[in-house]
Amino acid sequence: MNGTLNGTSKKASKKASKDISEADIRSAAMEMLARREQSRLEMSQKLVRKFPDHVDVIDAELDRLAEEDYQSDARLAEAFVRSRTRKGHGPVKIRMELKGKGVHEDVIKLAFDTSEVDWFELVRTVALRKFGRFDGIDALDKVIPEGDRKEKARVARFLQQRGFSFDHISSIY
Numbered sequence: 002m003n004g005t006l007n008g009t010s011k012k013a014s015k016k017a018s019k020d021i022s023e024a025d026i027r028s029a030a031m032e033m034l035a036r037r038e039q040s041r042l043e044m045s046q047k048l049v050r051k052f053p054d055h056v057d058v059i060d061a062e063l064d065r066l067a068e069e070d071y072q073s074d075a076r077l078a079e080a081f082v083r084s085r086t087r088k089g090h091g092p093v094k095i096r097m098e099l100k101g102k103g104v105h106e107d108v109i110k111l112a113f114d115t116s117e118v119d120w121f122e123l124v125r126t127v128a129l130r131k132f133g134r135f136d137g138i139d140a141l142d143k144v145i146p147e148g149d150r151k152e153k154a155r156v157a158r159f160l161q162q163r164g165f166s167f168d169h170i171s172s173i174y
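This is how it looks when you write it as structure tokens:
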């Protein structure tokens with residue numbers, strides 16, 4: 002295949018790259034947002050992969066989507082905290098995942114502040130759900146028997162992987 006790339010000529014490929022308009026980029030961005038909330042960083046990375054020669058247009062379009070309130074890192078952070086909390090994840094893990102999505106620390110803090118989650122109650126609920134043999138205990142009883150160090154370590158490791166801090170974990174003992 003002399004002069005071809007995946008069945009199309011190089012000339013046609015370059016022409017197709019130049020024929021991309023702002024509307025094409027906006028349409029691709031709106032399709033992403035229709036599926037789920039996305040951070041600006043996530044959208045930027047995906048759009049740059051799809052339209053590598055149009056970084057300036059992508060940035061301008063993302064600014065426009067944020068101004069029109071179609072894309073919001075704050076809304077993403079609030080929804081993400083709610084979603085992960087329902088799955089039994091702790092604040093350390095949730096914060097780390099949001100940072101990985103490129104959400105600014107101030108936005109993350111605001112999302113946690115507005116969530117009104119009782120992390121101490123959640124850690125207890127998660128431990129009881131995972132280690133069901135503790136079902137039916139009084140809410141004031143401790144989850145793990147005093148002398149069982151191996152069991153305490155096992156529960157603590159599980160809760161730490163779920164993203165709970167030492168203070169949260171130690172509150173159930």
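The opening residue of the sequence shown carries number 2 in our numbering; numbering runs sequentially from there. From the three backbone atoms N, C-alpha and C, an ideal C-beta is built for every residue, glycine too.
Which runs of the alpha helix (DSSP H), 4 residues or longer, sit entirely within the stretch 59 to 119? Segments of the alpha helix (DSSP H) lying fully in the stretch 59 to 119: 74 to 87, 92 to 101 and 106 to 116.
My guess is that residue 21 and residue 59 are in contact by the Cβ rule of under 8 Å, so how many angstroms apart are they, rounded? Going by Cβ atoms, the distance from residue 21 to residue 59 rounds to 10 Å, so no, they are not a contact pair.
Residue 23 in three-state terms, based on DSSP: The answer is helix: DSSP assigns residue 23 an H, G or I state.
Could you tell me which of 42, 91 and 69 sits nearest to residue 56, measuring between CA atoms? Looking from the CA of residue 56, the closest CA among 42, 91 and 69 belongs to 42.
Residue 39, DSSP secondary structure in three states: If DSSP states are grouped into helix, strand and coil, residue 39 belongs with coil.
Enclosing alpha helix (DSSP H) for residue 167 [first to last residue]: For residue 167, the enclosing alpha helix (DSSP H) stretches over residues 167 to 171.
Enumerate in chain order the residues of its own chain whose CB-to-CB distance from residue 164 is below 7 Å, with the five nearest sequence positions on each side excluded. Cβ within range, chain order: 90, 91, 92, 93, 94 and 95.
Count the other CB atoms within 10 Å of the CB of residue 70; is the residue buried (16 or more) or exposed (fewer)? Its Cβ having fewer than 16 others within 10 Å, residue 70 is exposed.
Considering only the beta carbon of each residue, do residue 108 and residue 169 sit closer than 7 Å? Contact: no.
Contacting residues, own chain, Cβ-Cβ under 6 Å from residue 7 (five flanking each side not counted): Only weak support is given to the placement of residue 7: the predicted model assigns it a pLDDT of 49, under 50, and the question is left unresolved by the model.
Beta-carbon within less than 7 Å of residue 17's beta-carbon, same chain only, minus the 5 sequence neighbours each way: which residues are those? Confidence is the limiting factor: at residue 17 the pLDDT is only 49, short of 50, which leaves the residue's position unreliable and the question unanswerable from this model.
Touch test, the stretch 72 to 82 against the stretch 32 to 52, Cβ-Cβ under 8 Å, three pairs minimum: Counting C-beta pairs with one atom in each stretch, the stretch 72 to 82 and the stretch 32 to 52 have three or more that are closer than 8 Å, which means they touch.
With DSSP collapsed to three states, give me the class of residue 57. Per DSSP, reduced to three states, the secondary structure at residue 57 is helical.
With a cut-off of 8 Å on the beta carbons, I'd call residue 104 and residue 74 a contact; round off their distance for me. With a Cβ gap of about 5 Å, residue 104 and residue 74 count as contacting.
Roughly how many whole angstroms lie between the Cα atoms of residue 152 and residue 122? Going by the C-alpha atoms only, they are around 20 Å apart.
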